[in-house]
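K.L.:
Structure in structure tokens, see below.
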Amino acid sequence: MPVTPQQHVVPGHFVFVDPCPPQIAADTPLICQDAPGFDRPAIHHQIANQVVDFLRAHL
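Numbering (numbering that gives the first Met the number 0), first residue to last: 0 to 58.
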């Protein structure tokens, strides 16, 4: 690529997984429970917007 790649690190390995339904969250807190104050749907929305912006700029 002609531009230096950007790298953004988001804490928590499973934050990129969809939010869990309550039944699954109760059984798998490691995957479903985020740090206090972390908004998984908001991060998904932010990442989606960044992907769209990147594609519009480079395609």
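No residue lacks a Cβ here, since even glycine has one placed at the ideal position from N, Cα and C.
Nothing here was measured: the structure is a model prediction, and the numbers come from that model.
Please determine if the stretch 34–46 and the stretch 5–25 are in contact, where contact requires at least 3 C-beta pairs separated by less than 8 Å.
P.N.:
Enough Cβ pairs lie closer than 8 Å, so yes.
K.L.:
Give me, in chain order, the residues of the same chain whose beta-carbon lies closer than 7 Å to that of Cys31; leave out the 5 immediate sequence neighbours on both sides.
P.N.:
Answer for Cys31: Cys19, Ile23, Ala24, listed in chain order.
K.L.:
Restricting to Cα atoms, I'd like to know which of Val2, Pro10, Ala47 is closest to Ala34.
P.N.:
The shortest Cα separation from Ala34 among Val2, Pro10, Ala47 belongs to Pro10.
K.L.:
Thinking just about the alpha-carbon of each residue, which of Val8, Asp26, Thr3, Pro4 is nearest to the one in Ile46?
P.N.:
If we check each option's Cα against that of Ile46, Val8 comes out closest.
K.L.:
According to DSSP, simplified to helix, strand and coil, what is Pro69?
P.N.:
In the structure displayed, the chain extends from 0 to 58; residue 69 sits before or after that span and is not available.
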